[in-house]
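For the record, the sequence lines run as chains A and B. So for the first sequence, our numbering puts the first residue at 1; every next one is plus one. So for the second sequence, our numbering puts the first residue at 263; every next one is plus one. Idealized CB from N, CA, C, for every residue including glycine. So the structure is just underneath, and the comments pick up after that.
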Amino acid sequence: MYKTWFGEVENGKIKVSDDFAKSFKNAWNELNVLPLPFSILELGKEVFKSEKEYYKVLRKVAIQVAEEKVNFEIKREDRYAVILVKALDELINTINLLEEKCEDIEEIKESEITVELKNKIKELRGLRVEIEREIEDVLAKIAPNLCEVVNPIIAARLVEKAGSLERLAFLPASKIQVIGAEKSLYKAFSRMRKGKKAKTPKHGVIFQHPFIKTLPKSKRGKMARFMAAKIAIAARIDHFKGELNEELAESVRKRYEELVRR
Amino acid sequence: MKVEKLAHNIYLIEKGGKEIIVTKSGYGSHYGEKIFDGYREWIPYRSKLAAVYLKGHHLNIKSNWKILYLGAASGTTVSHLADIVEKGIIYAVEYSAKPFAKFLELTKERKNIIPILEDASNPWKYSGIVERVDFIYQDIAQKNQIEIFKLNSKIFLKESGEGMIMVKARSIDSTVEPEKVFDKVIEELSKSFKVLKHGSLEPFHKDHIFVHVKQ
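This is the structure in structure tokens:
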């Protein structure tokens, strides 16, 4: 059986669908039967009586389905990413805790339990990789520019800390620079309020990025400031436009190379 | 106004001492391009296909061609292709929902665009929608873009159909010289297709080339 957007074809006979939007969404065929052994257009002309009518209905259905999908995806995807990041953090925590306990047990007594624990930890590590991959997929779809400027995991953390892609898009670069370093930021603020000397943090979540991590301490602040500015722009393009801007990531790379050489 | 015809519905016109490329169109502006009575400015910095014509490769797209377009984004290039294939049809595939919202406005205005929100690396998902086409145009910045092109042309391209691929060096391999990436891409493509023409898109698009192939 072959599936087309207007119905199913079996033994050369077509069973016309009673819901074109539904059959359009399900018009999948296994790779090994492709290309289809018949012409979709010729068959469609029989069903819809004319080529003009065929394209008219196809276009209408395609637009309707696309609209549905767009609305659905835009609403859901960034919340999905936020929850995934939270789950990922919990998982990393759990893995570390379990590893610690496993070592504690081993020190006292070699038992079957430790073997089982180790297996479970291994499984959890596999799950961790899977979740990271899913986050990468989602982020590539909803925030291509953020993914290019930083990497998908850091991008996801920024979205998570901000609450949503929309809120990240409205944050100033100075705030983005210290996302994830709130504790030391407010500690510094409270010292300042008391009239004491204090240093505000240079970087939060974005410190994880190799372009910052690998620089000497004296240059990290510069890089973090620059990167935060570009992240702010990237988040805004992603939120309002959604198209990839190639110069943005390129400028971050250039700035990094400048700082490394100096 | 001096007008020079490059291909069907594609012209070079002179405006204020400068030559610009336009498509003949009865529609309004889609992405901020200028309109000169009946012609739409085709901005080569925005659309790689316009850059191909300006680089001197005058691809002969016929007015009744059926086209499969992979990587439609917000529809900048598609809008001009829709001007060109006025009697044909464009199946436009895009994976990302955000730019597609803008693209949908275009599909509602034009009568010859079928929008499909799917991943071009899974062509089986739209195998029951897209018919055999004369031309596949691909502009997707993905590592496995050559594989994606091969798979799609195997399923949807007519026997003597043609294809145009825009290749960005950095999205395939950012660690080696662009030239090396391009050589490899062309070698890879010439295993399955006849490479009719290839060339750089500088100065309009940095580190990009186009490859025009025939089955």
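With respect to the 9 Å criterion, L117(A) and K101(A) are classified as neighbours on the basis of their beta carbons. Using a CB distance cut-off of 9 Å, T4(A) counts as an interface residue toward chain B. 9 Å or more divides the Cβ of V443(B) from the Cβ of H460(B).
Distance from the Cα of E247(A) is smallest, within the candidate group L259(A), V260(A), I231(A) and F240(A), for I231(A). Within 10 angstroms of the beta-carbon of D78(A) lie 16 or more other beta-carbons, which makes it buried. Contact annotation, E380(B) with Y357(B): C-beta distance approximately 7 Å; criterion of less than 8 Å satisfied. T214(A) is classed as exposed because its beta carbon has fewer than 16 other beta carbons within 10 Å across all chains shown. For S17(A), no chain B residue has a Cβ inside 9 Å of its Cβ, as the nearest lies near 11 Å away. For a cut-off of 8 Å, the C-beta gap from K161(A) to I179(A) is around 5 Å, short enough to register as a contact.
Comparing C-alpha distances from N414(B) to each of Q400(B), K405(B) and S422(B) shows the shortest one belongs to Q400(B). Legend: CB atoms of the region 335-359 of chain B lying less than 8 Å from CB atoms of chain A belong to residues A335, S336, I351, Y357, S358 and A359. Contact check for I131(A) and L91(A): beta-carbon distance about 7 Å, within the 8 Å limit, so the pair qualifies.
When secondary structure is reduced to three states using DSSP, E303(B) falls in the strand class. Around F72(A), the same chain offers no residue with a beta carbon nearer than 6 Å, after the five sequence neighbours per side are excluded. Taking CB atoms only, K405(B) has no neighbour in chain A less than 9 Å away. Within chain B, no C-beta atom comes less than 7 Å from the C-beta of S50(A); the nearest is roughly 14 Å away. Distances from the CA of D396(B) to each of R308(B), I323(B) and E276(B) were compared; the closest alpha carbon is that of I323(B).
In this structure, Y331(B) and A354(B) form a Cβ contact; the two beta carbons are roughly 5 Å apart against a cut-off of 8 Å. Residue burial annotation: E10(A) is exposed, with fewer than 16 other C-beta atoms found within 10 angstroms of its C-beta.
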